[in-house]
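Trainee: Structure provided below as C-alpha cells; questions to follow.
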Amino acid sequence: MPNPNEIDPVGARSQVKDDGREARLSFRRFAEHRMKREFKEAAIKKCDGHLKNFGQCAQESGLLVVFKCRDLNRKINECMAENNSPEKFEKYLLDHQGELEKRTLKSKDH
722 MPNPNEIDPV
732 GARSQVKDDG
742 REARLSFRRF
752 AEHRMKREFK
762 EAAIKKCDGH
772 LKNFGQCAQE
782 SGLLVVFKCR
792 DLNRKINECM
802 AENNSPEKFE
812 KYLLDHQGEL
822 EKRTLKSKDH
C-alpha cells in the first residue's frame, strides 16, 4: 500500500500531461468561442431589417408589444434560427478551418 505522503513520480507526470492536454483543448475552445461570437454577429446583421421593424413596432405599441408585434417577433426568430443554427455553425467552422487553426496557434503564443 503506497504511503500518501510519498510523491508518485509516474502519477505526477501523468497529471502534468493531462493538464497540458486540457490547456491545448482550451485554446481551441477559446478560438471556437470567438468564431461563434463573430458568426452570431453576422446572423444578427442578416436579420437587421426584421430587428428594426420589430423595434419600430415596439416603440409604437408600448405595453401591447407582445400582442401587436407578435408576427414581427416570429420573423426575427425564424431568421435567427435559419442563420444561427448549429448546423450552419459547423459548416462555417469547416469552411474556416484554416482560420480556426491560426487562431488556436495565436492564442497559444500569447
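Numbering of the sequence shown is given in the working numbering, commencing with residue 722 and proceeding in unit increments. Heads up, the beta-carbon is just placed ideally off N, CA and C, and yes, glycines get one too.
Go through its chain and collect everything with a Cβ distance to residue 774's Cβ below 6 angstroms, but skip five positions before and after it.
Mentor: Here the set comprises 793.
Trainee: Can you grab the Cα-Cα spacing for the pair residue 811 / residue 748, in whole Å?
Mentor: Computed Cα separation, rounded: 18 angstroms.
Trainee: What beta strand (DSSP E) runs, 3 residues minimum, are completely inside the stretch 772–796?
Mentor: Runs found: none.
Trainee: Rounded to a whole number of angstroms, what is the C-alpha to C-alpha distance between residue 789 and residue 801?
Mentor: Taking the straight line from one Cα to the other gives about 20 angstroms.
Trainee: In this structure, does DSSP put residue 806 in helix, strand or coil?
Mentor: It is coil, neither helix nor strand.
Trainee: DSSP three-state call for residue 800: helix, strand or coil?
Mentor: The answer is helix: DSSP assigns residue 800 an H, G or I state.
Trainee: Helix, strand or coil: how does DSSP classify residue 754 here?
Mentor: Correct three-state label for residue 754: helix.
Trainee: Exposed or buried, what is residue 763 when buried is set at 16 or more other beta-carbons lying within 10 Å of its beta-carbon?
Mentor: Exposed is the call here.
Trainee: On a Cα-Cα basis, can you pick out the residue from 796, 760, 782, 819 that is closest to residue 712?
Mentor: Residue numbering for the chain in the displayed model covers 722 to 831; residue 712 lies beyond these limits and cannot be assessed.
Trainee: Whole-angstrom Cβ separation of residue 767 and residue 798, contact assumed at under 8 angstroms?
Mentor: The Cβ separation is near 14 angstroms, so there is no contact.
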